[in-house]
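Undergrad:
2 protein chains.
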Amino acid sequence: MKAYKGYLIDLDGTMYRGTEPIEEAVDFVKKLHERGIPYLFVTNNSSKTPDQVADHLTKFDVPVTNDQVFTTSMATAAFISQEKMDASIYVIGGEGIRQALEEKGMELVTESPDYVVVGLDRDITYEKLALGCLAVRGGAKFISTNGDIAIPTERGLLPGNGSLTSVITVSTQTEPIFIGKPEAIIMEQALAVLGLPKEEVAMIGDNYDTDITAGLNVGMDTIIVHTGVTTKDILMTMEKQPTFSITSLSEWDIL
Amino acid sequence: MKAYKGYLIDLDGTMYRGTEPIEEAVDFVKKLHERGIPYLFVTNNSSKTPDQVADHLTKFDVPVTNDQVFTTSMATAAFISQEKMDASIYVIGGEGIRQALEEKGMELVTESPDYVVVGLDRDITYEKLALGCLAVRGGAKFISTNGDIAIPTERGLLPGNGSLTSVITVSTQTEPIFIGKPEAIIMEQALAVLGLPKEEVAMIGDNYDTDITAGLNVGMDTIIVHTGVTTKDILMTMEKQPTFSITSLSEWDIL
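Sequences listed follow chains A and B, in order. Each residue of the first sequence is one higher than the one before, starting from 1 at the first, in my numbering. Each residue of the second sequence is one higher than the one before, starting from 256 at the first, in my numbering.
#1: Could you have a look at G343 (chain B) and say whether DSSP puts it in helix, strand or coil?
#2: Checking contacts by CB at 8 Å: is R122 (chain A) closer than that to chain B?
#3: Can you name the residues of chain A whose CB is closer than 7 Å to the CB of A405 (chain B)?
#4: Should the segment 266 to 282 of chain B be regarded as contacting the segment 57 to 74 of chain A, the criterion being three or more beta carbon pairs within less than 8 Å?
#5: Helix, strand or coil for E275 (chain B) per DSSP?
#6: Just to confirm my understanding: we take Q323 (chain B), look at its own chain, exclude 5 residues before and 5 after, and list those with CB closer than 8 Å. What are they?
#7: Apart from the five residues on each side of it in sequence, which residues of its chain come closer than 8 Å, Cβ to Cβ, to I179 (chain A)?
#8: From this set, A:I204, A:L235 and A:D253, which residue's C-alpha is nearest G13 (chain A)'s C-alpha?
#9: CA-CA distance, Y16 (chain A) and Q52 (chain A)?
#10: Pull up the DSSP beta-bridge partners for M203 (chain A), would you.
#11: Are at least three pairs of beta-carbons, each pair with one atom in the segment 107 to 127 of chain A and one in the segment 343 to 352 of chain B, less than 8 Å apart?
#12: For A445 (chain B), which residues of its own chain have a beta-carbon under 8 Å away from its beta-carbon, when the five flanking residues on both sides are left out?
#13: Return the chain-ordered list of same chain residues with a C-beta closer than 6 Å to the C-beta of C388 (chain B), the five sequence neighbours on each side being excluded.
#14: Would you say Y126 (chain A) faces chain B, with C-beta separation under 8 Å as the test?
#15: Looking at C-alpha atoms only, which residue of A:S248, A:W252 and A:E199 is the closest neighbour of I22 (chain A)?
#16: What are the residues of the segment 84 to 105 of chain A that lie near chain B, defined by any Cβ-Cβ distance shorter than 7 Å?
#17: From I404 (chain B) to M106 (chain A), what does the alpha carbon distance come to, in whole angstroms?
#18: Tell me the rounded alpha-carbon separation between L11 (chain A) and T49 (chain A).
#19: Against A330 (chain B), what residues of chain A qualify as contacts under a CB-to-CB distance less than 7 Å, listed in chain order?
#20: Give the secondary structure of F315 (chain B) by DSSP, where H, G and I count as helix, E and B as strand, and everything else as coil.
#21: Indicate whether at least one CB of chain A lies closer than 8 Å to the CB of G291 (chain B).
#22: Go through its chain and collect everything with a Cβ distance to P182 (chain A)'s Cβ below 7 Å, but skip five positions before and after it.
#23: Terminal residues of the continuous beta strand (DSSP E) containing T153 (chain A)?
#24: Chain B beta carbons: is any one of them nearer than 8 Å to that of S47 (chain A)?
#25: State yes or no: is the beta carbon of P414 (chain B) nearer than 8 Å to at least one beta carbon in chain A?
#26: Would the beta-carbon of P152 (chain A) fall within 8 Å of that of T165 (chain A)?
#27: CA-CA distance, M220 (chain A) and I347 (chain B)?
#28: Determine the closest residue to Q241 (chain A) out of A:I254, A:V225, A:W252 and A:E251, with distance taken between C-alpha atoms.
#29: Around the C-beta of G18 (chain A), are 16 or more other C-beta atoms found within 10 angstroms, so that it is buried, or is it exposed?
#30: In chain B, what lies closer than 7 Å to S112 (chain A) by C-beta?
#31: Using DSSP bridges, identify the partner residues of P414 (chain B).
#32: Let me know if T231 (chain A) comes out buried or exposed under the rule of 16 or more other beta-carbons within 10 Å of its beta-carbon.
#33: Any Cβ of chain A within less than 8 Å of the Cβ of R410 (chain B)?
#34: Would the beta-carbon of V371 (chain B) fall within 8 Å of that of A390 (chain B)?
#35: Taking Cβ to Cβ, would you say I254 (chain A) is nearer than 8 Å to I37 (chain A)?
#36: Where does N457 (chain B) land, buried or exposed, given buried means 16+ other C-beta within 10 angstroms?
As structure tokens, this is what we get:
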């Protein structure tokens, strides 16, 4: 145990599994809320807005406001606005990424953009992908909200944004900049929003390849909780270990 | 020059460029036709039927019947039928691949198929890709008609079938079997249709990476014609050279 001044917390597999809340995690966040310890939910979901994410958590009785949600779409918008003011963007993706970019004053266009941004788009079409390829070949900078290859659903593992992004990667032979976990970019942005130095914050998540690796990549402490993707057996095979490993968040005493 | 008993001939960049015929190539094929030398057009286009391809060539005054067209869809259907009789197939793609599979007696299904076959689909949707991923994860054998990363059009280079295929490759972490050029599979099938041993046939094409490499992969003679993709300068950088290199097919004397 360690007395962290703040927490970055993953959602799917950590706070809930699909439509079921993980009660130990809900109780943990309630304690953080009562003690006034800052926390920020960090998600690779690019298609939902922070409002939608907060509404979902509120249904599970998690104490949360919109400004305690940090999506990879918000990280993408912040990243681009630091690079270029008022950039023009060709975007493939859902409401979350569109709103995040427009809130930063960016213009969404279909031709000759400064950037091509790809987020998960369940209404993907050949024409959308074609416009993305043409823009990247025309010199637009290529950014993807996250590289997740699959999305767990009741039907099984469906295509994630990383696999849709690969159409443009393969066709143009150009690698994108990924923003979401496990990249350091989203973590640096999230720490800035939380307003705490990385030495005083822990990243909590269930997925070694995204949550824990993101924490390791940015050089902050990590707590893996075995309520989701990564089992204890798989964790044992990893060279770099998280700072702490727990079965559920009921084990974590907030010091 | 060499006296070949038959020819395999590429289409785009060899017989025509978009809507424009390449007259030297048309004249060459007319001579083959007059002399009764067998030829077969071999194309990575999976979405057109042989009828549609032959109609297109006939407009350019090329002497051709349907059975002188061999598409990667036909090669795919032949490949699968050699592996398994009456296989069930989940197919992503256009009319060409659907017709080719059905003509071989295969059943097109959406769940629990023996094979997932991906050909270029300009009406691609997330649901189509999702069904493909679920089937491959469920154990279906994964086949792609061709790995072309881009399609030349008047608008520029649009996504080719290889890039659409990558969604399933990346999401399921399963590599497909590619059938079309530059794979040996389509060439072996085409030689079987032509009914001649590979030692007596030449492959003619404009694209080193597909046409010539396909010929090299199957161990047959190749003739590159610089009327399309591969320039003389690029050809010079290649370690393995085609058997012959010509500027246009008017240079080729049929012995």
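Each residue gets a CB set at the ideal place from its N, CA and C atoms; glycine is no exception.
TA: Result, derived from the coordinates:
#1: The residue you asked about is not Gly; residue 343 (chain B) is Ser in the sequence shown. Strand, per DSSP.
#2: yes
#3: S171
#4: no
#5: E275 (chain B) falls in the strand class under three-state DSSP.
#6: Y294, L295, F296 and A309
#7: T72, A75, T76, F79, I143, S144, T145, N146, I185 and I186
#8: A:I204
#9: 15 Å
#10: Paired residues: A:L8 and A:T222.
#11: no
#12: Answer for A445 (chain B): L263, L295, V297, F325 and A330, listed in chain order.
#13: I423, S426 and T427
#14: yes
#15: A:S248
#16: So nothing in the stretch comes that close.
#17: About 31 Å.
#18: 14 Å
#19: The contacting residues do not exist; A330 (chain B) stays about 22 Å from chain A at best.
#20: F315 (chain B) falls in the coil class under three-state DSSP.
#21: no
#22: D209, T210, T213, A214 and N217
#23: Looking at the DSSP string, the run of the beta strand (DSSP E) that includes T153 (chain A) is A150 to T153.
#24: No, S47 (chain A) lies away from the interface with chain B (no Cβ there is under 8 Å from its Cβ).
#25: yes
#26: no
#27: Going by the C-alpha atoms only, they are around 44 Å apart.
#28: Per the Cα distances, A:V225.
#29: exposed
#30: Going along chain B, no residue has its Cβ under 7 Å from S112 (chain A), so there is no contact; the nearest lies around 12 Å.
#31: B:A405.
#32: Under a 10 Å Cβ-count criterion, T231 (chain A) is classified as exposed, with fewer than 16 other Cβ atoms of the shown protein chains found around its own Cβ.
#33: yes
#34: yes
#35: yes
#36: It is worth fixing the name first, because residue 457 (chain B) is Ala in this sequence and not Asn. The residue is buried, with at least 16 neighbouring Cβ atoms inside 10 Å.
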